[in-house]
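Protein chains in written order, with my numbering: chain A, 98 to 210; chain B, 2 to 111.
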């Protein structure tokens, strides 16, 4: 039973445009959500998080939106740059991040120059 | 960089042999985790630790054991490696909130 789902295995976006990565979850006990970025042959790197008391969190070019009623979150990258090409993992946790994470299967983002 | 090292970084072994992977951290994080990453599965939790000598199973714990005798070290052991355990293994640490990952160990079981 996949509690965190990333239904798009891959996404290609033109450089300078907006990249939107999506994630759905099924467990209503999740209240803390994170995005990680992973380059080949490296460990995942934490990007940005959001707790369920907010619906938006922004950090530079990265913004995460949370729609609790739809159990959906998205990561927006604006503007997209070639260095953003990577695999992005969505993750969720309960107890405001004090429980272990459940990861999605990842979306491979390719930025086209 | 959360001060996490993994050793070895690459290993090739034969079916039936024991294998131990080591994770070492320098920042005194309370929680430590072992994940495996496989195509189509994302990151799956094998075992985790919430303190010295306190460990628990994750979703794919069969065939693996762990030990944490010191805050800074978390060992993952495959008692008798199988080809299905060929994977990339990541260690992670946290003190609550985000987990921070090591560089990974690529294990091939022939």
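From the three backbone atoms N, C-alpha and C, an ideal C-beta is built for every residue, glycine too.
Per-residue DSSP class, three states only, for residue i
| i | result |
| --- | --- |
| residue 26 of chain B | strand |
| residue 193 of chain A | helix |
| residue 149 of chain A | coil |
| residue 113 of chain A | coil |
| residue 178 of chain A | coil |
| residue 171 of chain A | strand |
| residue 96 of chain B | coil |
| residue 86 of chain B | helix |
| residue 42 of chain B | coil |
| residue 51 of chain B | strand |
| residue 183 of chain A | strand |
Residue-chain proximity (residue i, chain B), Cβ-Cβ < 7 Å
| i | result |
| --- | --- |
| residue 195 of chain A | yes |
| residue 210 of chain A | no |
| residue 198 of chain A | yes |
| residue 203 of chain A | yes |
Chain A within 7 Å of residue i, Cβ atoms only
| i | result |
| --- | --- |
| residue 90 of chain B | no |
| residue 77 of chain B | no |
| residue 40 of chain B | no |
| residue 104 of chain B | yes |
| residue 99 of chain B | yes |
| residue 49 of chain B | yes |
| residue 43 of chain B | yes |
Check whether residue i and residue j have beta carbons under 7 Å apart
| i | j | result |
| --- | --- | --- |
| residue 108 of chain A | residue 99 of chain B | no |
| residue 141 of chain B | residue 4 of chain B | The requested residue 141 of chain B does not occur in the structure, where chain B is confined to residues 2 to 111. |
TODO: Would you check if the segment 157-176 of chain A and the segment 28-36 of chain B touch, i.e. whether three or more CB-CB distances between them fall below 8 Å?
DONE: In this structure the segment 28-36 of chain B does not lie against the segment 157-176 of chain A, because fewer than three pairs of beta carbons, one per stretch, are closer than 8 Å.
Open item on the list: Whether or not the segment 2-14 of chain B and the segment 117-124 of chain A are in contact is what I'm after, with contact meaning three or more pairs of Cβ atoms, one per stretch, closer than 8 Å; do they touch?
Closed with: With the cut-off at 8 Å, the segment 117-124 of chain A and the segment 2-14 of chain B do not touch.
Open item on the list: To be precise: take each residue of the segment 133-144 of chain A, compare its Cβ to all Cβ atoms of chain B, and keep it if any distance is under 7 Å. Which residues remain?
Closed with: Those residues of the segment 133-144 of chain A that come within reach of chain B (Cβ to Cβ, closer than 7 Å) are 139, 140, 141, 143.
- [ ] Quick one: which residues of the segment 104-132 of chain A get their C-beta closer than 7 Å to a C-beta of chain B? List them in chain order.
- [x] 131: these are the residues of the segment 104-132 of chain A whose beta carbon lies less than 7 Å from some beta carbon of chain B, given in chain order.
- [ ] For the segment 197-209 of chain A and the segment 144-155 of chain A, state whether three or more C-beta atom pairs, one from each stretch, are separated by less than 8 Å.
- [x] The answer is no - the segment 144-155 of chain A does not touch the segment 197-209 of chain A, with fewer than three Cβ pairs under 8 Å.
- [ ] Decide if the segment 18-29 of chain B is in contact with the segment 103-110 of chain B; the criterion is three or more beta carbon pairs, one per stretch, under 8 Å apart.
- [x] Three or more Cβ pairs closer than 8 Å define a contact, and the segment 18-29 of chain B meets that threshold against the segment 103-110 of chain B.
Open item on the list: Tell me which residues of the segment 169-185 of chain A have at least one Cβ-Cβ distance to chain B shorter than 7 Å, keeping chain order.
Closed with: Contacts with chain B (Cβ-Cβ distance below 7 Å) from the segment 169-185 of chain A involve no residue at all.
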